[in-house]
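Asker:
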Amino acid sequence: MLVTTKEMFKKSMEGNYAIGAFNINDMEIIQGIVDAARQAKSPVILQVSASAIKYARMGYLMKMVEAAVEENPDIPIAIHLDHGPDFETCKMCVDAGFTSVMFDGSKYDFEENVRKTKEVVDYAHNKGVVVEAELGKLAGIEDDVKVESSEAMYTDPNQAKEFVERTGCDSLAIAIGTSHGAYKFKGEAKLRFDILKQIKALIPNTPIVLHGASTVIPELLETCNKYGANIPGAKGVPDEILHEASVSGVSKINVDTDLRLGMTATIRKVFAEEPSAFDPRKYLGAARDTIKEIVYHKMTEVFGSNNKA
88 MLVTTKEMFK
98 KSMEGNYAIG
108 AFNINDMEII
118 QGIVDAARQA
128 KSPVILQVSA
138 SAIKYARMGY
148 LMKMVEAAVE
158 ENPDIPIAIH
168 LDHGPDFETC
178 KMCVDAGFTS
188 VMFDGSKYDF
198 EENVRKTKEV
208 VDYAHNKGVV
218 VEAELGKLAG
228 IEDDVKVESS
238 EAMYTDPNQA
248 KEFVERTGCD
258 SLAIAIGTSH
268 GAYKFKGEAK
278 LRFDILKQIK
288 ALIPNTPIVL
298 HGASTVIPEL
308 LETCNKYGAN
318 IPGAKGVPDE
328 ILHEASVSGV
338 SKINVDTDLR
348 LGMTATIRKV
358 FAEEPSAFDP
368 RKYLGAARDT
378 IKEIVYHKMT
388 EVFGSNNKA
């Protein structure tokens, strides 16, 4: 059975490690992620954005996730809505069988964010579904989320405490310097661990979530550009910083860009080296293997969730 993230996060906070939340769009990505989780003996969160639902269609996504659960009964798997833009989308996912939803009210002022988040929490909790909320603004672009760097805003620790108390949300995504997309830092990569520490001191029992946390793996970026891509100057969050976050109170770390880069790099390489290849299984199968390698590395070397299933 699909599980909620409650038990996952409780154990992660007790054991000082993070759970990886990986965005899914198709069968190969789902299989690569779950195969890695099985090998690492790690719990895992499969997450879907509203635009991914439009692309893959809800029925197809849920059946593929159900198949992954049936094949891996010993691995705790949660299905989560990433960046739910409104109550209607969150409700749709709750009703479709999601075990966790995120309502992203970070674009609203504090009071409006509280009100709208509470509305989602009340509906979801009544159905046994947990809710992630967001306070603060991450810069960058991911699917339908677009925030200019000038609009980015760190999470205020005191507001975080009030927000959780008033909304009843189960976990909180905070802004401490990460950003969406492939261009996270112009200079030195740095996160505000002082803010994280303050927030954890004020709400010690609330799982903390880090969005925009792909590494933008240099080798994959180099492969993409070598075989015809145009992604210059992209820069992510180094593994050592993400590891520090995972042992410093972050319970959930989101990964999307690295999976996109891995899939794109592998497919470009196959096409360039084997121009006669036209069987989708050849290049999509290779891409699936790359996804598995990326996820396994993060679970075992960065997040510390291996052997925690």
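For what it's worth, this note's numbering labels the leading residue of the sequence shown as 88, then goes sequentially.
For each residue, glycine too, the CB sits at the ideal point set by N, CA and C.
Return the bridge partner residues of histidine 167 from the DSSP annotation.
Answerer: Taking the sequence shown and counting its residues from 1, one reaches residue 167 at position 80. The partner list for histidine 167 (beta bridge, DSSP) reads Gln134, Ser187.
Asker: Alpha carbon to alpha carbon, how far is glutamine 126 from arginine 347? Give it in angstroms, no decimals.
Answerer: Stepping through the sequence shown from its first residue, residue 347 is reached at position 260. Stepping through the sequence shown from its first residue, residue 126 is reached at position 39. Their backbone Cα atoms lie some 21 Å apart in a straight line.
Asker: Using only the alpha-carbon positions, how far apart do glutamate 238 and lysine 224 sit?
Answerer: The count along the sequence shown starts at 1 and reaches residue 238 at position 151. The count along the sequence shown starts at 1 and reaches residue 224 at position 137. The pLDDT assigned to glutamate 238 is 48, lower than 50, so where the model puts this residue is not dependable; a value taken from the coordinates is nonetheless given after this. Roughly 7 Å between the two C-alpha positions.
Asker: Between the C-alpha atoms of glycine 391 and threonine 254, what's the straight-line distance to the nearest angstrom?
Answerer: Residue numbering aside, residue 391 sits at position 304 when the sequence shown is read from its first letter. Residue numbering aside, residue 254 sits at position 167 when the sequence shown is read from its first letter. The straight-line gap from Cα to Cα measures roughly 30 Å.
Asker: Could you give the residue range of the beta strand (DSSP E) that holds leucine 259?
Answerer: Taking the sequence shown and counting its residues from 1, one reaches residue 259 at position 172. Its beta strand (DSSP E) spans residues 258-261.
Asker: Give the range of the beta strand (DSSP E) segment to which alanine 220 is assigned.
Answerer: Locating residue 220 in the sequence shown gives position 133, counting from the first residue. Per DSSP, alanine 220 belongs to the beta strand (DSSP E) from 217-222.
Asker: Considering just the uninterrupted stretch of the beta strand (DSSP E) at alanine 108, what are its terminal residues?
Answerer: Translated into positions along the sequence shown, residue 108 becomes position 21. Taken as a continuous stretch (DSSP letters only), the beta strand (DSSP E) holding alanine 108 covers 106-110.
Asker: Is the CB-CB distance between glutamate 219 and alanine 260 below 8 Å?
Answerer: As a first step, residue 219 is located in the sequence shown; it is residue number 132 there, counting from the start. As a first step, residue 260 is located in the sequence shown; it is residue number 173 there, counting from the start. Contact: yes.
Asker: Can valine 324 be considered in contact with the ligand FAD, in the sense that its beta carbon sits closer than 7 Å to one or more heavy atoms?
Answerer: Within the structure as shown, the ligand FAD is missing, as the structure has no ligands at all.
Asker: Which residue spans inside the region 264-344 form an unbroken alpha helix (DSSP H) run of at least 4?
Answerer: Within the region 264-344, the complete alpha helix (DSSP H) runs of at least 4 residues are 280-289, 305-313, 326-333.
Asker: In this structure, does DSSP put methionine 100 in helix, strand or coil?
Answerer: For the purposes of this step, residue 100 is taken as residue 13 along the sequence shown, with counting starting at 1. Reduced to three states, the DSSP call for methionine 100 is helix.
Asker: Using a C-beta cutoff of 8 Å, does proline 160 count as contacting chain B?
Answerer: The chain inventory of the structure shown lacks chain B, comprising one protein chain alone.
Asker: When you compare the region 168-186 with the region 121-140, are there three or more beta-carbon pairs, one atom per stretch, that lie closer than 8 Å?
Answerer: Yes, they touch.
Asker: Using the three-state DSSP reduction, which class does methionine 88 fall into: helix, strand or coil?
Answerer: Counting from 1 along the sequence shown, the entry for residue 88 is found at position 1. DSSP places methionine 88 in coil when its eight states are reduced to three.
Asker: If you reduce the DSSP assignment to three classes, tell me which class aspartate 366 lands in.
Answerer: By one-based count along the sequence shown, residue 366 stands at place 279. Residue state, collapsed to three classes: coil.
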